[in-house]
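Numbering (the working numbering), first residue to last: 108 to 177.
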């Protein structure tokens, strides 16, 4: 197994506005924006950029959608 050594996460709303960004291997989204306010229920797009210990010079990107339910 490979270990993530660097990670950045971006969360965008349906209008394409960035609502959350964090960096670090422990980065996680709890449904709040960067100011700590709860995001509205709905669909969001995530983009995660990361590197791992096995290939430290290769940045990988994962994209997808998530539905926030309150």
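A virtual CB, placed ideally from N, CA and C, is assigned to each residue, including glycine.
query                                                                                              : result
For residue 112 and residue 159, believed in contact at Cβ under 8 angstroms, the rounded distance : 6 angstroms
Span of the beta strand (DSSP E), counted from its first residue to its last, around residue 162   : It is not in any beta strand (DSSP E) - residue 162 carries neither H nor E in the DSSP assignment.
Under 7 angstroms between C-beta atoms of residue 136 and residue 155                              : no
Segment limits, beta strand (DSSP E) that includes residue 146                                     : Residue 146 -> no beta strand (DSSP E), and no H or E assigned at all.
According to DSSP, residues forming a beta bridge with residue 172                                 : 152
Residue 132 to residue 114 span [Cα, whole Å]                                                      : 5 angstroms
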